[in-house]
Amino acid sequence: MVGGSDNVVDGTTSSAAWHGIVMFITELWRIQVPPMVKTGLVGYQIYFFVTYSHFFHQRKQVGLASCQRDGRTYGLLSPVFIFVIPLRLTGNYMNKVNCFIDYVNWVLAHRDGFAIEKCNLSCYTLHASAHLYSWTCAVIACMVQELTVKSELFRVGQLPWCLLTCKTLVVLKIHGRFVLNFPTFICLPRLKFLYLNSVIYGDDASMQKLFSSCPVLEDLVIKRHDWDGVGIMNIFVPSLKRLSIFSLSLRSIGNYEYKSLRNIVPILPTFHNLTHLKLGIDDNVGWELLPNILQSSPNLKVLNFKEGLVKPFNKGTFQFSWNPPRCVPYCLLLHLKTIEIHNFLGTPDGVKLVKYLLRHAKVLALMTIYWYDLMMDSKSQTTMKKTKVDISKSPRGSHTCQLIFHHLMY
1 MVGGSDNVVD GTTSSAAWHG IVMFITELWR IQVPPMVKTG LVGYQIYFFV TYSHFFHQRK
61 QVGLASCQRD GRTYGLLSPV FIFVIPLRLT GNYMNKVNCF IDYVNWVLAH RDGFAIEKCN
121 LSCYTLHASA HLYSWTCAVI ACMVQELTVK SELFRVGQLP WCLLTCKTLV VLKIHGRFVL
181 NFPTFICLPR LKFLYLNSVI YGDDASMQKL FSSCPVLEDL VIKRHDWDGV GIMNIFVPSL
241 KRLSIFSLSL RSIGNYEYKS LRNIVPILPT FHNLTHLKLG IDDNVGWELL PNILQSSPNL
301 KVLNFKEGLV KPFNKGTFQF SWNPPRCVPY CLLLHLKTIE IHNFLGTPDG VKLVKYLLRH
361 AKVLALMTIY WYDLMMDSKS QTTMKKTKVD ISKSPRGSHT CQLIFHHLMY
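Be aware that the sequence shown starts at 1, since it is given in the UniProt record's numbering, and climbs by one per residue.
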C-alpha cells in the first residue's frame, strides 16, 4: 500500500533533478524479502523509494513489471533510500514496528559495499528511533552523499561520531533532540548544506567547532530552542553563501530582560554580496529594523516578504508600523528590481510601505502583491478594491515598473 507524500520528510525533488531517472515505489509483498518481513508488512504504510539511475542508462526502456520482478536485485543496488515510519499505526502496533526495523536492517545488511547517494531515516516511534544510531553508522559506511535523520520524539537521542567525520557527505539534515557528542577530530570536507533542527550541543565552543570543520559549507539552516546548550552563537564560515536562523520568541524566556533591538544596529554589518533577501515577521519587534537592513544591503536586487507584513491571524494583536528612514537606502536607488509581498492585508502602514517602495525604487521592474482574502465579506472586498486603486495611482520612481495583484484563496 503506497502512502501519501505528506509523511515523507524532505522527499520532494524537482523534475529536472529526476530527468532520466526511473523512480519506483516497491510494494513489499512483490519483493523477495524474508517471510517474517514480507508477511508483516503487507498493507503497511512504509516508504521505500528506489531510483534505478544506473539501470536506466543501461536499458532505456524499463517496464514496471520487470522492475517489480527484479525488485530485490535492483532495490539493493539502488542509490536512494527513504524510510519513513508514521506515528499512527493500526492493528498490531509492535508487530508492524518490528517488521519495519527488520526490513531496514535487512536492506542495509545486504548492500555489499554499494554506495548510497541519498538516504532519509525518519522515525516517529520510540522503538524504531532507538535504531537510528546503528542505521546511521551503516549508511555512513556506504559513502552516503545526502543524509536526513529525523525523530519527532521528546526523548534525547545520540548520533555516532562517524557522522562528523564522513568524507562523502554533501548534504546533512538532522531534525530532533539529538546530542552532538563531538570526537576529538571533526572533518566534513565535502559538506555544502547543513540543516540543524532542535539539536542539542555541548556548549558554545562545540557549535563553533562544528561549523569550522566544514571548509566548503555554503548553506546553513539552524532552528534553535532555549535548551540547546548554546548561549552565544558564533558563526565564522568564509565559504557560507546562505544563512537561515530560526529561534524562539524572546517572550518565551521567562528570566530574559528584554531590551530594544536598536542596540544591535551600530554593529549590523554591510552585506555587500547580498542580492536576494526573504524576510519573515517578528511579533515583538515588527519592522523596526527594516530600514537598517535595507541600508546594510546596498546591492540588493530581490526583496521578498514571504510571510507578509502582518500575520493574518495576528492582525488584532500585532500592529505593523512603518517609519521611513531619513535617507533612502542605496539599494532602492540603484539595484532593487523585484519586490514580492505575500499575505497582504491592506493595513494603513502596510500601504505606506508599499507606496514608499514604489516611489523610491528607481530601477524597480516588478512589484507583486499577493492579497490575503480569506473569508472576506462584501465590505472588506470594497475596501480592498479601493486600496488597490490607491496603490496603483501612487507615484513610481521607475517608469518601467509593473504592479501586479494576486489573490490568495485558502
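All residues carry an ideal CB built from backbone N, CA and C; glycine is no exception.
Taking Cβ to Cβ, would you say Glu146 is nearer than 8 Å to Val170?
In contact: Glu146 and Val170 (Cβ atoms closer than 8 Å).
Rounding to the nearest angstrom, what Cα-Cα distance links residue 423 and Leu333 in this structure?
The shown model of the chain, from 1 to 410, leaves out residue 423, and the question about it has no answer.
Check whether the segment 325 to 340 and the segment 292 to 300 are in contact - that is, three or more C-beta pairs closer than 8 Å.
For the pair of segments examined, the segment 325 to 340 was found to touch the segment 292 to 300: the number of CB pairs separated by less than 8 Å reaches three.
Cα-Cα, which of Ile186, Val179, Ile140 and Gln295 is closest to Thr168?
The option with the nearest alpha carbon to Thr168 is Ile140.
Are the segment 358 to 375 and the segment 396 to 403 touching by the rule of at least three beta carbon pairs closer than 8 Å?
yes
Assigned exposure category for Asn234 - 16 Cβ within 10 Å defines buried
exposed
Identify whether Leu28 lies in helix, strand or coil by the three-state DSSP scheme.
For Leu28, the pLDDT reaches just 31, beneath the cut-off of 50, and the residue's location in the model is therefore unreliable, although a value from the coordinates is still provided. Leu28: helix per DSSP, three-state reduction.
Whole angstroms is fine: what's the gap from Lys385's alpha carbon to Asp219's?
41 Å
Through-space distance from Phe271 to Leu289, alpha-carbon basis:
15 Å
Considering only the beta carbon of each residue, do Val216 and Ile200 sit closer than 8 Å?
no
May I ask you to report which of helix, strand or coil DSSP gives Thr165?
helix
Determine whether the beta carbon atoms of residue 415 and Pro160 lie at a separation below 8 Å.
For residue 415 there is no data in the structure shown, the boundaries of the chain being 1 and 410.
Beta bridge counterpart(s) of Tyr195 as assigned by DSSP
Lys173 and Val221
Measuring CB to CB, does Phe305 end up less than 8 Å from Leu279?
yes
Nearest-angstrom Cα separation, counted from Gln208 out to Thr387:
Going from the Cα of Thr387 to the Cα of Gln208 covers about 49 Å.
Rounded to whole angstroms, what's the CA-CA distance from Ile116 to Ser296? Just pull it up for me.
43 Å
Range covered by the beta strand (DSSP E) that runs through Leu243
Arg242 to Phe246
With respect to the beta strand (DSSP E) encompassing Asn181, which residues constitute its N-terminal and C-terminal limits?
From DSSP, Asn181 is part of no beta strand (DSSP E); its letter is neither H nor E.
With a CB to CB cut of under 8 Å and the five nearest residues on each side skipped, what residues in its chain are close to Gly346?
Trp371, Thr383, Met384 and Thr387
Rank Ser244, Trp322, Glu340 and Met143 by C-alpha distance to the C-alpha of Leu194 and give the top, closest one.
Ser244
Can you tell which of Lys192, Gly229, Ser321 and Val230 has the C-alpha that lies nearest to the C-alpha of Arg242?
Lys192
Check the DSSP bridge columns for Glu340 and list the partner residues they point to.
Asn304 and Thr368
Best match in Leu108, Gly176 and Asp204 for proximity to Phe182 [C-alpha to C-alpha]
When C-alpha distances from Phe182 are compared across Leu108, Gly176 and Asp204, the shortest belongs to Asp204.
Would Pro348 pass as a contact of Pro325 if the rule is Cβ separation under 8 Å?
no
Going by alpha carbons, who is nearest to Ser206 out of Gly231, Arg155, Pro238 and Cys162?
Gly231
Can you tell me the Cα-Cα spacing of Asp390 and Trp322, whole angstroms?
18 Å
Is the distance from the Cβ of Lys223 to the Cβ of Leu196 below 8 Å?
yes
Where does the unbroken alpha helix (DSSP H) through Asn292 begin, and where does it stop?
Leu290 to Gln295
DSSP three-state label for Val237, please.
coil
Is His110 helix, strand or coil when you go by DSSP?
In the three-state DSSP reduction, His110 falls in the coil class, being neither helix nor strand.
For Cys119, I'd like the list of residues in its chain whose CB is within less than 6 Å of its CB, leaving aside the five on either flank, ordered along the chain.
Phe81, Val139, Val144 and Leu147
Pick helix, strand or coil for Val139, following the three-state DSSP scheme.
DSSP places Val139 in helix when its eight states are reduced to three.
If we ignore side chains and look at the alpha-carbon of each, how far apart do Val221 and Lys150 end up?
15 Å
Out of Ile369, His360, Lys355 and Thr368, point me to the one whose CA is closest to Lys393's CA.
Considering only alpha carbons, the answer is Lys355.
Ser122 classed as buried or exposed, judged by whether at least 16 other C-beta atoms fall within 10 angstroms
buried
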